[in-house]
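K.L.:
There are 2 protein chains.
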Amino acid sequence: MKEIQGGITAPEGFYAASHAAGIKYKGREDMALIYSDTDCITAGTFTTNVVKAAPVLWDSDIVHSDAKVRAVVINSGIANAATGKPGMDICEKTAQAMSSLYGGNRDSVLVASTGVIGMQIDADKICAGCKELFEKKADTPGAATAAAKAIMTTDTHKKEIAVEVELTDGKVIRIGAMTKGSGMIHPNMCTMLGFVTTDAVIDKKLLQKAISAIVDDTFNMITVDGDTSTNDTYVILANGRAGNTLIGDEGEDYRRFYEGLLHVSEYLAIQMAGDGEGATKLFECHVKEAQNVADAKKMAKSVVGSALCKAAIFGNDSNFGRFLCALGYSGADFDPAKVDIWYEAAGKKLKIVENGMDAGYSEDEATELLKSEAVTVVAVMHAGSAEARAWGCDLSYDYVKINADYRS
Amino acid sequence: MKEIQGGITAPEGFYAASHAAGIKYKGREDMALIYSDTDCITAGTFTTNVVKAAPVLWDSDIVHSDAKVRAVVINSGIANAATGKPGMDICEKTAQAMSSLYGGNRDSVLVASTGVIGMQIDADKICAGCKELFEKKADTPGAATAAAKAIMTTDTHKKEIAVEVELTDGKVIRIGAMTKGSGMIHPNMCTMLGFVTTDAVIDKKLLQKAISAIVDDTFNMITVDGDTSTNDTYVILANGRAGNTLIGDEGEDYRRFYEGLLHVSEYLAIQMAGDGEGATKLFECHVKEAQNVADAKKMAKSVVGSALCKAAIFGNDSNFGRFLCALGYSGADFDPAKVDIWYEAAGKKLKIVENGMDAGYSEDEATELLKSEAVTVVAVMHAGSAEARAWGCDLSYDYVKINADYRS
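In structure tokens:
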């Protein structure tokens, strides 16, 4: 496996486009298209929130059916959530407008929206946007990057990646992906939109199995603010253009494909965590030697999700009691007297807690480590061999500023 | 029932004292004593955090035994959590120092600590403080208020209340209480210390039943930052000095006592929520017409605990999608298309959401209501007859400021 250029257009037969449709934002592009010249099978995971945005309802119907997909139309600015029947109509009109351009069915179009909840999207603007996108589509790295930028809301930078993987038959398959996500981010899934393209030939059930497992270990292990959004979506489109032997069982080729998909997903998840609203640094928790993986995940997520831990990380304040406290209310059981805690940052390690108590470390050294742009809190439970990692960011003044008046 | 003066010294035979022991804070009182001239039965609830502070372990042993209690010694500044065996020794030395002053057993003394986790308390300072406290104790409102101030950490004001209740035998019993709590506040229990005194004659099992049920509806329904502390404690001491007929069953006298204890507990819980770190206003969620109480509680807590809802309340921004979103990820099931949402503030009501969508309200009116010092979001689920209320506060710049460098 190696990283390559081109984002979502890196796999054969995939095109991207972006456009300024003026849906809500002024002076920037706010619509994106992913297009495949060949039918795609799909798989994906969606928000567990009871309040699901219209595009989530539209897409999950298609992804969980046998329908073949050709296009994904995405807009930023308005989430099309809490929009009732008119919101569903927008999905249908968008799909109609796009599919008519290449002569396909409405259920060959996925739609995705992100932004303010409760506002309706102007149908005329989004349908006119579809036409522009289709005309502008290109299979170039520049088009992919422009699309990754057009789907951003409060994100401070675009998030895209691509890899290529050689299979056992000597064929090379490619996986490209882009995500957006900055606030309203919390497991199940984090508030995010993510789109993956691949030219691999793979069985649909295996594709779903891979993406579900990978989301659990990546996007479901990041948190920015504990709010699970109405719009979370992570979908993969596979058009089979690489012409490899079908990946039809969980053998070596599946393992290689899985590794590639895990790599792009973990990269993007960590990018989102580190770009959390107002974040000044990436905050990782790595729980080791836990009695089981479920407990390790609970504990890691509890630490990176704690407002008090996040505020301490922002302040470069080694208030280690807060890490112990967050481990303690995670719902996992453990012996507090056995816990060691380390900081890992900038290639250095420092033991902070030993056997559940102050390890007698240097505050100056701790403060220096905490000033790094990525800080890992390692909790060693001495209870077994399971481990888990979770990612978040610090809690800064700017988080409050961004969210106190997001709509204006 | 009526409110009276005197806080924890309002019931017969109870004394209070405060003292500047210099445990961590400079230039302020940081120790408090509650003392009864007669043996007390006790009941209480404690943190569910796996990492329990030493005083929690000490107190829960005593409260869950038949030991009679005479005194509670409290310090602020250091939490005596994550302190191992030396931390337990501090509890024992404190109890020894205090009980020797009135010739009692060590298990007649409860201890409580709040402040930074992971630091050890100086035994000499706290034992010397016990002597000062015992000498200064008084059964006056001024002594009670001074004690309520001495237990504060980041609280901006003291929290105390007292009521008297007439029983069916014509005897009047009194209930006094004080709490501290401002950050690290979240259900099960909120991060808080709370102490209740009463001169009622009541069965110990009934006392425990009452306090457990009341904590579920009051302190477990507030949240400031989602962090469940290592030190949460809410205990009641009953010395029987009112001489009433024993409250020995769940009849009318129990009902009256319960109502009194509920009143003081709810008052203090709301005081704590409104005094959350950096709070500029009290933020209540009242869920109505839910299918059951458990779901109603989940939804109400989810809304007041949401960082995005809290930030919107701080910014007076009627971003109603965030309320719907937080209801949706609460874990309760409901039909989003049936939900109405209202704001209630300053004696006015405004419907924001109707049938899960924008109700077509005036943004100016909404902004005016949100500027009130107490804002209630009422969610009407149209699914049944259950209801619940939860309390929190907004998320402000000052929350981050307070918690980014709390220890210095």
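Protein sequence lines, in the order shown, are assigned to chains A and B. Take the first sequence: its letter number 309 is residue 310 in the working numbering, and every next letter is one higher. Take the second sequence: its letter number 339 is residue 340 in the working numbering, and every next letter is one higher. A virtual CB, placed ideally from N, CA and C, is assigned to each residue, including glycine.
Within 10 Å of its beta-carbon, does residue 169 (chain B) have 16 or more other beta-carbons around it, so buried, or fewer, so exposed?
P.N.:
The count along the second sequence starts at 1 and reaches residue 169 (chain B) at position 168. Residue 169 (chain B) should be labelled exposed.
K.L.:
DSSP on residue 3 (chain A), reduced to helix/strand/coil?
P.N.:
For the purposes of this step, residue 3 (chain A) is taken as the residue at position 2 of the first sequence. Assigned with DSSP and collapsed to three states, residue 3 (chain A) falls in strand.
K.L.:
Inspect the beta-carbon positions of residue 377 (chain B) and residue 285 (chain B) and report whether they are closer than 8 Å.
P.N.:
Here residue 377 (chain B) is taken as the residue at index 376 of the second sequence, counted from 1. Here residue 285 (chain B) is taken as the residue at index 284 of the second sequence, counted from 1. Yes, Cβ-Cβ distance for residue 377 (chain B) and residue 285 (chain B) is below 8 Å.
K.L.:
In its own chain, which residues sit with a C-beta less than 6 Å from the C-beta of residue 343 (chain B), not counting the 5 before and 5 after it?
P.N.:
Here the question's residue 343 (chain B) lines up with position 342 in the second sequence. Around residue 343 (chain B): 350, 352 and 379.
K.L.:
Can you list, in chain order, the stretches of the beta strand (DSSP E) that have 3 or more residues and sit fully within the stretch 54-118 of chain B?
P.N.:
70-79 and 110-117
K.L.:
Check the Cβ of residue 398 (chain B) against every Cβ in chain A and list those closer than 8 Å, keeping chain order.
P.N.:
For the purposes of this step, residue 398 (chain B) is identified with residue 397 of the second sequence, where counting begins at 1. Near residue 398 (chain B) (Cβ distances below 8 Å), the residues of chain A are 398, 401 and 402.
K.L.:
Under 8 Å, Cβ to Cβ, is there at least one residue of chain B near residue 321 (chain A)?
P.N.:
Locating residue 321 (chain A) in the first sequence gives position 320, where the first residue counts as 1. Interface residue, yes.
K.L.:
Does DSSP classify residue 393 (chain A) as helix, strand or coil?
P.N.:
Counted from its first residue, the first sequence places residue 393 (chain A) at position 392. Three-state result, residue 393 (chain A): strand.
K.L.:
Which first and last residues belong to the alpha helix (DSSP H) in which residue 256 (chain B) is found?
P.N.:
In the second sequence, residue 256 (chain B) corresponds to position 255, counting from 1. Its alpha helix (DSSP H) spans residues 253-275.
K.L.:
Tell me whether the beta-carbon of residue 358 (chain B) lies closer than 8 Å to the beta-carbon of residue 328 (chain B).
P.N.:
Taking the first residue of the second sequence as position 1, residue 358 (chain B) is located at position 357. Taking the first residue of the second sequence as position 1, residue 328 (chain B) is located at position 327. No, Cβ-Cβ distance for residue 358 (chain B) and residue 328 (chain B) is not below 8 Å.
K.L.:
Quick check: is the beta carbon of residue 230 (chain A) nearer than 8 Å to any beta carbon in chain B?
P.N.:
Taking the first sequence and counting its residues from 1, the one referred to as residue 230 (chain A) is at position 229. At least one chain B Cβ lies under 8 Å of residue 230 (chain A).
K.L.:
Check whether the stretch 254-274 of chain A touches the stretch 362-371 of chain A, taking contact to mean three or more Cβ pairs, one atom from each stretch, closer than 8 Å.
P.N.:
no
K.L.:
Taking 8 Å as the threshold (C-beta atoms), are residue 196 (chain B) and residue 73 (chain B) in contact?
P.N.:
Residue mapping note: residue 73 (chain B) aligns to position 72 of the second sequence, counting from 1. Residue mapping note: residue 196 (chain B) aligns to position 195 of the second sequence, counting from 1. Yes, Cβ-Cβ distance for residue 73 (chain B) and residue 196 (chain B) is below 8 Å.
K.L.:
Out of A:256, A:331, A:384 and A:268, state which residue places its alpha-carbon closest to the alpha-carbon of residue 338 (chain A).
P.N.:
By 1-based counting over the first sequence, the position of residue 338 (chain A) is 337. Of A:256, A:331, A:384 and A:268, the residue nearest in Cα terms is A:384.
K.L.:
So within the stretch 127-209 of chain B, which uninterrupted beta strand (DSSP E) runs reach at least 3 residues, ignoring any that extend past its ends?
P.N.:
160-167, 173-181 and 194-199
K.L.:
By how many angstroms is the C-alpha of residue 296 (chain B) removed from the C-alpha of residue 303 (chain A)?
P.N.:
By one-based count along the first sequence, residue 303 (chain A) stands at place 302. By one-based count along the second sequence, residue 296 (chain B) stands at place 295. The straight-line gap from Cα to Cα measures roughly 23 Å.
K.L.:
Please determine if the stretch 92-101 of chain A and the stretch 121-138 of chain A are in contact, where contact requires at least 3 C-beta pairs separated by less than 8 Å.
P.N.:
yes
K.L.:
Buried or exposed: residue 267 (chain A), going by 16 or more other Cβ atoms within 10 Å of its Cβ?
P.N.:
Stepping through the first sequence from its first residue, residue 267 (chain A) is reached at position 266. By the 10 Å Cβ count, residue 267 (chain A) comes out buried.
K.L.:
Going by CA-CA distance only, name the one from A:47, A:12, A:20 and A:82 that's closest to residue 356 (chain B).
P.N.:
Locating residue 356 (chain B) in the second sequence gives position 355, counting from the first residue. Checked all of A:47, A:12, A:20 and A:82; the closest Cα to residue 356 (chain B) is A:82.
K.L.:
Among all the DSSP beta bridges, which residues are the ones paired with residue 349 (chain B)?
P.N.:
Residue 349 (chain B) sits at position 348 when you count from the first residue of the second sequence. Its beta-bridge partners are B:346.
K.L.:
Near residue 391 (chain A), which residues of its chain fall below 6 Å by C-beta distance, leaving aside the five closest residues on each side in sequence?
P.N.:
Residue numbering aside, residue 391 (chain A) sits at position 390 when the first sequence is read from its first letter. If we look at residue 391 (chain A) and ignore the five residues flanking it on each side, its Cβ neighbours are 222, 286, 301, 302 and 305.
K.L.:
Between residue 80 (chain A) and residue 118 (chain A), what straight-line distance do the alpha-carbon atoms span, to the nearest angstrom?
P.N.:
The residue given as residue 80 (chain A) occupies position 79 in the first sequence. The residue given as residue 118 (chain A) occupies position 117 in the first sequence. About 5 Å.
K.L.:
Identify each residue in the stretch 335-346 of chain A for which the Cβ-Cβ distance to at least one residue of chain B is less than 8 Å, and report them in chain order.
P.N.:
335, 337 and 338
K.L.:
Going by DSSP in three states, residue 238 (chain B) sits in which element: helix, strand or coil?
P.N.:
Translated into positions along the second sequence, residue 238 (chain B) becomes position 237. DSSP places residue 238 (chain B) in strand when its eight states are reduced to three.
K.L.:
Spatial neighbours of residue 1 (chain B) within its chain, please: CB distance less than 6 Å, with the 5 preceding and 5 following residues excluded, ordered by chain position.
P.N.:
Nothing about residue 1 (chain B) can be reported from this structure: the residues present for chain B run from 2 to 409 only.
K.L.:
Listing by chain order, which chain A residues have their CB less than 8 Å from the CB of residue 50 (chain B)?
P.N.:
The residue labelled residue 50 (chain B) in the question sits at position 49 within the second sequence. 326, 329 and 330, listed in chain order.
K.L.:
Out of A:3, A:49 and A:135, which one is the CA nearest neighbour of residue 230 (chain A)?
P.N.:
Mapped onto the first sequence, residue 230 (chain A) falls at position 229. Checked all of A:3, A:49 and A:135; the closest Cα to residue 230 (chain A) is A:49.
K.L.:
First and last residue of the alpha helix (DSSP H) that includes residue 380 (chain B)?
P.N.:
Position 379 of the second sequence holds residue 380 (chain B). Run containing residue 380 (chain B): none in the alpha helix (DSSP H); it sits in the beta strand (DSSP E), 375-381.
K.L.:
Could you tell me which residues DSSP pairs with residue 402 (chain A) in its beta bridges?
P.N.:
As a first step, residue 402 (chain A) is located in the first sequence; it is residue number 401 there, counting from the start. Residue 402 (chain A) pairs with nothing; no bridge assigned.
K.L.:
Do the CB positions of residue 174 (chain B) and residue 199 (chain B) come within less than 8 Å of each other?
P.N.:
For the purposes of this step, residue 174 (chain B) is taken as residue 173 along the second sequence, with counting starting at 1. For the purposes of this step, residue 199 (chain B) is taken as residue 198 along the second sequence, with counting starting at 1. For residue 174 (chain B) and residue 199 (chain B), yes; Cβs fall inside 8 Å.
K.L.:
Note down, in chain order, all residues in the stretch 93-120 of chain B with a beta-carbon under 9 Å from any beta-carbon belonging to chain A.
P.N.:
117, 118, 119 and 120
K.L.:
Would you report the Cα separation of residue 321 (chain A) and residue 354 (chain A), rounded to the nearest angstrom?
P.N.:
Taking the first residue of the first sequence as position 1, residue 321 (chain A) is located at position 320. Taking the first residue of the first sequence as position 1, residue 354 (chain A) is located at position 353. Going from the Cα of residue 321 (chain A) to the Cα of residue 354 (chain A) covers about 7 Å.
K.L.:
Verify the CB distance criterion: does residue 316 (chain B) have a CB-CB separation below 8 Å to chain A?
P.N.:
Indexing the second sequence from 1 puts residue 316 (chain B) at position 315. For residue 316 (chain B), the answer is yes, since a Cβ of chain A falls inside 8 Å of its Cβ.
K.L.:
How is the beta strand (DSSP E) around residue 45 (chain A) delimited, first residue to last?
P.N.:
Here residue 45 (chain A) refers to the residue found at position 44 when the first sequence is read from its first residue. That run of the beta strand (DSSP E) goes 32-47.
K.L.:
Give the DSSP-derived three-state secondary structure of residue 372 (chain B) in the structure shown.
P.N.:
If you number the second sequence from 1, residue 372 (chain B) lands on position 371. Residue 372 (chain B): coil per DSSP, three-state reduction.
K.L.:
Suppose you measure from the CA of residue 211 (chain A) to the CA of residue 47 (chain A); what does that come to, to the nearest Å?
P.N.:
To locate residue 211 (chain A), count along the first sequence from 1; it is residue 210. To locate residue 47 (chain A), count along the first sequence from 1; it is residue 46. In a straight line, the C-alpha of residue 211 (chain A) is about 15 Å away from that of residue 47 (chain A).
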